[in-house]
Each structure stands twice: as structure tokens, then as C-alpha cells.
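Numbering-wise (the UniProt record's numbering), the sequence shown opens with residue 1 and increments by one. What follows is a single structure, written as C-alpha cells, with notes after it.
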Amino acid sequence: MSGWSERNYLNQFRHPNLVKLIGYCSEGDNLLLVYELMSKGSLENHLFRRGNLSLPWATRIKVAKGAARGLSFLHGLEIPIIHRDFKTSKILLDGEFNAKLCGFDLARDGPTGDMTHVTTRVLGTYGYAAPEYLMTGHLTVKCDVFSFGVVLLEFLCGRRAIEKTKVVNEKDLVEWAKPYIVNKRMIFRVVDSDLKGQYSEDEACIIAILALQCLNEDPEQRPTMDEVVIALDQLSCT
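See the structure below:
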């Protein structure tokens with residue numbers, strides 16, 4: 001059923017930052033989806049797979065912008081689409097490191113009219129899911145915004161959302177990084193050491209502040225993805 005959900009969403013919409021569905025084959029309970037070639041693979045592999053060269057700062061910003069535009073498009077539809085499982089493995093990269101979102105098997109139509117949320121069984125990935133969704137099952141577009149904030153921290157820190165090998169108080173990236181990124185003078189303690197010399201103080205602060213805003217405990221206080229795109233457009237990709 002999840003594969004059909006992905007097929008239906010990707011068949012219905014076209015956007016430069018959504019992976020293009022070329023076709024599909026169905027036989028019995030088996031469903032095969034065929035996508036356009038994304039030759040650079042997933043963002044997750046580039047950030048965390050051993051042996052891969054570290055992504056430069058400018059490339060990370062380019063990917064963040066593309067992913068943000070993809071979510072902004074989904075949220076701006078007449079009936080908003082909530083990805084519900086946004087994370088680095090769901091961001092694919094083409095040969096020019098253009099980001100395209102995939103993995104719509106858990107996606108849901110968002111609230112419409114006077115509805116403030118949709119209520120669902122809690123699914124998704126621990127470490128990326130918004131706290132209010134985990135507690136209540138209430139799903140809004142702001143849940144995706146929280147997940148985007150986690151991914152921004154992964155860009156900034158070069159660490160996974162959950163590091164099982166770390167000591168207890170360092171396993172959760174958000175909880176570990178927050179005390180540092182709230183203080184401009186301490187941000188650089190958590191920035192990925194592979195990025196040294198590639199970014200300005202102002203650029204690091206913009207990413208840190210934006211991540212904090214996306215990770216606000218109160219979903220109403222989080223920015224929209226349109227606002228996230230505007231904030232990221234302050235940064236150069238070159």
C-alpha cells in the first residue's frame with residue numbers, strides 16, 4: 001500500500017525538487033517504481049557514509065535550499081501534503097547536487113478548511129519527528145518544518161540525528177546541539193570540523209538561528225517553509 005501512495009503523489013505533481021517518477025510495474029502484491037536517475041545518491045550517504053568525501057559548505061547550502069523548496073511546494077498546494085518522514089535519506093541528489101525529495105510512502109494530505117491538524121497513527125523516524133506529533137498524533141505541515149530543522153543541524157554539525165554510539169547526553173543531536181547554537185559565540189564548537197575555513201561567521205549563525213526556529217517546541221512559532229526558503233536565499237551557494 002505504501003508504494004501505491006508514493007506512486008499516486010509523484011504521479012500527480014511535478015516540481016524541480018521532487019524526484020520524477022518515470023513509470024511503475026505491478027504484479028500481484030509487488031510494486032516496482034522507476035525514478036529518474038539520481039546519480040549522486042542520497043544526502044545521507046554523502047554526509048555520513050565512511051569513505052565519501054565531506055560535502056563542502058556551499059554544496060550543503062545548495063542542497064538545503066532545494067530540499068526547502070520541495071517542502072514549500074508540497075505545503076503550498078490547495079490541499080497541503082505533509083511528507084511525515086523527511087530526513088537525509090529522503091533527499092536524493094542528481095549529478096549537479098540538485099536536491100529532490102523522495103519517500104512519500106508515509107505522506108498524508110494536510111488539514112483543510114477549519115481543521116487545524118489531522119490525527120494519525122504515529123509513524124516516521126525517531127530523531128526527526130516533531131514532539132507534538134509523537135505525543136498526540138496530531139499532524140500539521142509544521143511537523144515537516146521540525147524535521148527540516150533536524151536536517152539543518154545535520155548539515156551544520158556533520159552528525160546524525162541519533163548517534164547510538166555516543167554517551168547518553170550526546171546521543172540526540174537536537175538536545176546536544178541546542179545549548180551551543182543558542183549562543184553565537186559557542187556555535188563553532190558544534191560546526192563540522194571538515195567545514196573549517198569554508199563559511200563565514202554570519203552564515204553559520206543564519207543556519208543555527210534558522211534551525212532553532214524550526215525546532216521550536218511550539219509548532220505555531222516555527223516558520224513556514226516559504227519563510228525558510230527566504231532565509232536560506234540569504235546564503236550563497238558558490
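The beta-carbon is built from N, C-alpha and C at its ideal position, and this holds for glycine as well.
Please report the distance separating the alpha-carbon of Leu74 from that of Thr59. 23 angstroms
Mind checking who Thr119 pairs with in its DSSP beta bridge? His138
Take Val151 as the anchor and find which of Leu32, Tyr24, Glu27, Phe48 has the nearest alpha-carbon. Phe48
Specify, as a first and last residue, the run of the beta strand (DSSP E) that Gly23 falls within. 21-27
Please tell me whether Gly124 and Leu215 are closer than 8 angstroms, where the distance is taken between their beta carbons. no
Of all the CB atoms in chain B, is at least one closer than 8 angstroms to the CB of Phe188? The structure shown has no chain B; it contains just one protein chain.
Look at the Cβ atom of Asp93, then the Cβ atom of Lys166, and state whether they are nearer than 8 angstroms. It is worth fixing the name first, because residue 93 is Leu in this sequence and not Asp. Their beta carbons are not under 8 angstroms apart, which means Leu93 does not touch Lys166 by this criterion.
One or two residues paired with Asn30 in a DSSP bridge: Glu27
With distances taken between CB atoms, is the gap from Asp84 to Ala107 smaller than 8 angstroms? The sequence shown places Arg at residue 84, not Asp. Against a cut-off of 8 angstroms, the Cβ pair of Ala107 and Arg84 comes out as a contact.
Straight-line Cα distance separating Leu195 from Arg222: 27 angstroms
Cβ-heavy atom distance, Glu44 to the ligand COA, below 7 angstroms: Looking for the ligand COA in the displayed structure turns up nothing, as the structure carries no ligands at all.
Cα-Cα separation between Met186 and Arg121, rounded to whole angstroms: 38 angstroms
Identify whether Ala99 lies in helix, strand or coil by the three-state DSSP scheme. strand
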